[in-house]
Each structure stands twice: as C-alpha cells, then as structure tokens.
Amino acid sequence: MTLAAEAITEDSYEAALALLQDRRLVVLTGAGVSTDSGIPDYRSPGSPSRQPMTYQQFISGPQERQRYWARSHLGWRRMGSAVPNAGHRALATIDPELLITQNVDGLHEQAAPELARSGRIVTLHGRVVDVICLSCRTVSPRRDLQVRMEALNAGWAEAHADVESRPDGDVALEETQDFVVPDCEICGGILKPDVVFFGENVPKDRVARCMDAVDALAMDPGASELRGERHEGKGVLLVAGSSLAVMSGYRFVRRAAKAGIPVVIVNRGATRGDGEATYKLEVGTSEFLTALSSRRA
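For the sequence shown, the working numbering begins at 60 and goes up steadily by one.
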C-alpha cells in the first residue's frame with residue numbers, strides 16, 4: 060500500500076510507527092535531518108536555489124578553488140559549531156543495522172559514537188571535517204586547514220560576517236578574488252574537502268556496503284533475538300529528511316522496493332521515491348524519530 064502525501068492521516072502515522080517498531084532497520088538520512096541543528100537544506104519548501112560547485116569546476120583552475128575555499132572558510136565557522144538535534148540523538152537509540160547518511164556535517168557521528176565505532180555509519184558523500192590532497196592523497200583535519208586560512212586571511216571572516224549561510228558549509232559570497240588558498244604542506248598539491256562533489260562518484264566500496272545491508276533486509280530471520288525482542292519478517296528501509304533527488308541515495312529505495320522490502324519515507328515535501336514508499340509521511344524528522352525511539356525502547 061502506497062499512501063500519497065495528501066492522504067497521510069493519524070492512522071497512517073501510527074501504522075508506519077507500528078511497522079518500524081519491531082523490524083530490523085536500515086536508515087538513510089538527508090539534509091532534512093540537520094535543519095533542526097541550524098544547517099539549511101536545498102530542497103525543502105522555501106530553500107535557496109542550489110548551485111553547488113562541481114568537481115570539474117573545482118579542478119579547472121585556481122580562481123574556482125579560491126571561490127570555493129573563501130566561501131567554505133566562512134561557512135565552516137557556522138557548520139563547525141552545529142550540534143546534534145533530537146533526531147540525531149533518537150537515531151542513536153533506534154540503533155539501526157546500518158545508518159547511511161548523505162550529509163557531510165558529521166552530526167550523526169557526534170550523536171552516536173558507538174554506531175560510528177562499530178562501523179555502522181556510512182557517510183556516503185564523505186565528511187567536511189577531513190581534507191585530502193589531490194596529489195599525495197594525504198588526509199588531514201579540516202580544523203588545521205582552517206587555522207592556516209585564518210592566518211593567511213586575517214580579518215576576512217570579520218569583514219564578511221553578515222553573509223547568508225547555505226547548506227554544506229557554504230555561504231552566499233561572490234567577491235572572493237582576494238582570498239589566499241593554502242596548498243598541501245607535504246607536497247604543495249591542491250587541497251580539497253574529502254567529500255563527493257557533483258560530478259564525482261561515490262566510492263564503490265561504500266555503495267556495496269549499503270547495498271548489502273539493504274539486501275539483508277529481505278531475509279526473514281524468523282524469531283531471532285534482536286535487542287532483547289523477537290523480530291520476524293522482512294526489515295524496513297527508513298528514509299528521513301531526503302528528497303532522494305540524486306541517484307546516490309535513491310538507488311537504495313529502488314533496490315528495496317524491487318525486493319519487496321517495505322520503505323517508509325519521512326520528509327517535508329515530495330521525494331523521488333514517493334511512488335515506491337509503503338508510507339510517506341510529511342512530518343518533521345526530529346518529531347518522528349523521537350516517537351520511533353520511544354516505541355523501540
């Protein structure tokens with residue numbers, strides 16, 4: 060049964076919670092999970108138009124990298140101060156088989172360190188807290204680069220303190236020609252945030268890990284013991300706060316639906332996967348995840 064967004068009722072909300080209460084879960088999250096932490100998203104109603112830099116632009120020349128890093132330098136100050144919200148914390152207690160996130164903000168890892176340590180968080184698009192050299196492939200902390208940029212661009216942040224924040228640690232700033240961009244301290248190469256830009260592919264091993272977890276939901280474990288309760292039937296793919304506009308996330312919904320695995324989507328606004336959802340709920344992710352956490356406690 061697929062419920063269109065306009066058909067959502069209190070009964071369907073309860074039915075979705077009941078479906079998710081005792082099943083094995085794989086959770087896929089998007090930017091909508093982090094909006095309650097003050098990080099804007101691109102696709103919810105009223106969001107800014109999206110013009111993210113592509114990988115091809117980034118490597119095309121120093122002016123494009125200057126534009127990227129000048130804006131990111133300001134945005135990092137704001138994203139770096141964000142803290143997990145109730146939805147992030149609820150997911151830690153929900154304890155899914157695998158938490159796949161399209162977000163690069165690192166808030167899931169902060170909220171659920173045990174999940175992270177056990178390898179059950181997959182950051183599909185990488186993390187902005189890491190920086191990679193495109194020449195020697197050295198990975199270093201973003202905070203170290205931030206210190207270097209502060210030293211090379213004294214007063215820059217203060218002079219542009221009122222610019223508008225955008226998602227992914229970006230800001231609305233066009234005049235970036237005076238910004239000084241550091242090179243790799245080891246080899247002098249080009250530094251890039253260790254995230255998947257538009258025009259890049261998600262690493263195959265990450266995709267394979269996620270696909271395997273989704274496929275495992277199709278297996279009926281019988282009356283197996285899981286977290287002290289008896290679980291029967293197929294698992295469920297829960298999508299929270301994602302429009303599924305890009306294939307990197309939508310492919311998991313397609314995979315689940317094809318295998319007959321129930322899919323629950325919680326997102327304000329239409330998503331690419333609405334037609335494949337068992338339930339589509341237009342409610343806040345923090346609200347729903349907190350309710351689900353209580354049900355599974």
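Using N, Cα and C, we set each Cβ at its ideal position, and we do this for glycine too.
Does the Cβ of residue 230 have 16 or more other Cβ atoms within 10 Å, making it buried, or fewer, making it exposed? Per-residue confidence for residue 230 stands at a pLDDT of 46, beneath the threshold of 50, marking its modelled position as unreliable; the derived number appears in the next sentence. When all chains shown are included, residue 230 counts as buried.
Kindly indicate which three-state DSSP category residue 238 falls into: helix, strand or coil? Under the three-state reduction of DSSP, residue 238 is assigned to coil, being neither helix nor strand.
Can you find at least 3 beta carbon pairs, one from the segment 77-87 and one from the segment 114-132, that sit closer than 8 Å? Cβ pair count under 8 Å is below three, so no.
Threshold first: 3 residues or longer. Then list the beta strand (DSSP E) segments lying entirely within the segment 147-225, N to C. Correct list: 157-160, 180-182, 185-192, 198-200.
For residue 273 and residue 239, I'd like the C-alpha separation in whole angstroms. If you take the alpha carbons of residue 273 and residue 239, they lie about 44 Å apart.
If you draw a straight line from the alpha carbon of residue 181 to that of residue 98, how long is it in whole angstroms? Rounded to the nearest whole angstrom, the CA to CA distance from residue 181 to residue 98 is 20 Å.
Do the CB positions of residue 340 and residue 325 come within less than 8 Å of each other? Cβ atoms of residue 340 and residue 325: closer than 8 Å.
Going by beta-carbon coordinates alone, are residue 134 and residue 308 separated by less than 8 Å? Taking 8 Å as the Cβ cut-off, residue 134 and residue 308 do not qualify as a contacting pair.
Name the residue from 192, 338, 302, 327 whose alpha carbon lies nearest to the alpha carbon of residue 316. It is 338 whose Cα lies nearest to the Cα of residue 316.
Take residue 219 as the anchor and find which of 129, 332, 92 has the nearest alpha-carbon. Of 129, 332, 92, the residue nearest in Cα terms is 129.
Considering only residues of the segment 280-348, which uninterrupted beta strand (DSSP E) runs meet the minimum length of 3 residues and lie entirely inside it, listed in chain order? You should have 283-285, 288-290, 295-299, 322-325, 338-340.
Applying the criterion that 16 or more other CB atoms from any shown protein chain within 10 Å of the CB defines a buried residue, is residue 187 buried or exposed? The Cβ neighbour count for residue 187, taken over all protein chains shown within 10 Å, is at least 16; the residue is labelled buried.
With distances taken between CB atoms, is the gap from residue 92 to residue 146 smaller than 8 Å? With respect to residue 146, residue 92 sits close: the two C-beta atoms are nearer than 8 Å.
Thinking just about the alpha-carbon of each residue, which of 257, 125, 201, 312 is nearest to the one in residue 86? Here the closest residue by C-alpha is 312.
By how many angstroms is the C-alpha of residue 190 removed from the C-alpha of residue 204? If you take the alpha carbons of residue 204 and residue 190, they lie about 8 Å apart.
Hey, out of 74, 70, 83, 95, whose CA is closest to residue 327's CA? Nearest to residue 327 by C-alpha distance, out of 74, 70, 83, 95, is 95.
Who are the Cβ neighbours of residue 344 in its own chain at under 7 Å, not counting the five residues just before and after it? Around residue 344: 91, 92, 146, 299, 300, 325.
Taking residue 347 and residue 256 to be in contact with their CB atoms under 8 Å, please state how far apart those CB atoms are, rounded to whole angstroms. No, residue 347 and residue 256 are not in contact; Cβ-Cβ is about 31 Å, not under 8 Å.
Around the Cβ of residue 115, are there at least 16 other Cβ atoms within 10 angstroms (buried) or fewer (exposed)? Residue burial is scored here from C-beta neighbours: residue 115 has fewer than 16 other C-beta atoms within 10 angstroms and is therefore classed as exposed.
Given a threshold of 16 other Cβ atoms within 10 Å of its Cβ, counted over all protein chains shown, does residue 161 qualify as buried or as exposed? Classification of residue 161: buried, given that the 10 Å Cβ count is 16 or more.
For residue 283, is the classification buried or exposed, using 16 other Cβ atoms within 10 angstroms of its Cβ as the cut-off for buried? Residue confidence is low: residue 283 scores 47 on pLDDT, short of 50, so the model does not pin down where it sits. Its coordinate-derived value is still stated next. Exposed, by the Cβ-count rule.
Among 144, 349, 353, 164, the one whose alpha carbon lies nearest that of residue 254: Nearest C-alpha to residue 254: 164.
Measuring CB to CB, does residue 149 end up less than 8 Å from residue 349? Contact: yes.
DSSP state of residue 117 mapped onto helix, strand, coil: Helix, per DSSP.
Taking all protein chains shown into account, do 16 or more other C-beta atoms lie within 10 angstroms of the C-beta of residue 142, making it buried, or fewer, making it exposed? Under this definition residue 142 is an exposed residue.
In the DSSP assignment, the beta strand (DSSP E) including residue 86 goes from what residue to what residue? Segment 84-88, the beta strand (DSSP E) holding residue 86.
Can you give me the C-alpha to C-alpha distance between residue 355 and residue 72, rounded to a whole angstrom? One C-alpha to the other measures close to 15 Å.
So if DSSP puts residue 252 in a beta bridge, which residue, or which two residues, is it bridged to? In DSSP, residue 252 forms a bridge with 190.
Does the beta-carbon distance from residue 249 to residue 193 come in below 8 Å? If you check the CB distance, residue 249 and residue 193 come in under 8 Å.
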